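Visitor:
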Amino acid sequence: MNKTYILFWIFIIIGTFLESVGDICFRYATVANKELYRWLGYIVYILGSAAWAVSLKYHELTTGLIIFISINVLMVAIASRYMFAEYLNITQIIGVILCLIGVFLIEK
Numbered sequence: 234m235n236k237t238y239i240l241f242w243i244f245i246i247i248g249t250f251l252e253s254v255g256d257i258c259f260r261y262a263t264v265a266n267k268e269l270y271r272w273l274g275y276i277v278y279i280l281g282s283a284a285w286a287v288s289l290k291y292h293e294l295t296t297g298l299i300i301f302i303s304i305n306v307l308m309v310a311i312a313s314r315y316m317f318a319e320y321l322n323i324t325q326i327i328g329v330i331l332c333l334i335g336v337f338l339i340e341k
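And the structure:
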């Protein structure tokens with residue numbers, strides 16, 4: 234593994250984590266009607282977008298975008314299950330699995 238590949242994954246993981254936290258803040262702000270969480274979501278989302286933008290310095294846009302979106306979908310689905318007691322139907326579960334398979338295929 235070279236240094237640029239490792240830096241790409243570091244920034245992708247940081248970016249997806251922050252954007253997922255931002256998505257969860259937006260959801261919580263809507264459910265609990267708390268304006269503070271909406272603003273926290275904006276701030277965290279901007280930081281996540283910045284980390285994602287930096288990751289593009291180390292990898293192609295098309296590959297980086299697919300990885301970023303797929304990991305974000307997975308993280309938000311897991312967080313929604315445990316934080317908001319939301320369930321995924323079989324079609325959504327298949328979609329998440331296909332996203333993960335796509336990430337592995339793109340990186341091979």
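For the sequence shown, the numbering used here gives the first residue as 234, with consecutive numbering after it. Cβ atoms here follow ideal geometry from the backbone N, Cα and C, with glycine treated the same way. Note that the structure is a prediction, hence the values are computed from the model and not measured.
Rounded to whole angstroms, how far is the Cβ of residue 281 from the Cβ of residue 319, which I believe are closer than 8 Å?
Guide: With 8 Å as the limit, residue 281 and residue 319 do not qualify as a contact, their Cβ atoms being about 21 Å apart.
Visitor: May I have the straight-line CA-CA distance separating residue 306 from residue 329, to the nearest angstrom?
Guide: Using only the alpha carbons, I get a separation of about 7 Å.
Visitor: How far does the alpha helix (DSSP H) with residue 267 in it extend, from its first residue to its last?
Guide: Run containing residue 267: none; DSSP gives neither H nor E here.
Visitor: To the nearest angstrom, report how far apart residue 263 and residue 246 are at their CA atoms.
Guide: Cα to Cα, residue 263 sits roughly 26 Å from residue 246.
Visitor: By Cβ distance, which residues of its chain are closer than 7 Å to residue 255, with the 5 residues on each side in sequence left out?
Guide: The answer, listed in chain order, is 274, 277, 278 and 281.
Visitor: Can you grab the Cα-Cα spacing for the pair residue 316 / residue 237, in whole Å?
Guide: So the two alpha carbons sit approximately 35 Å from each other.
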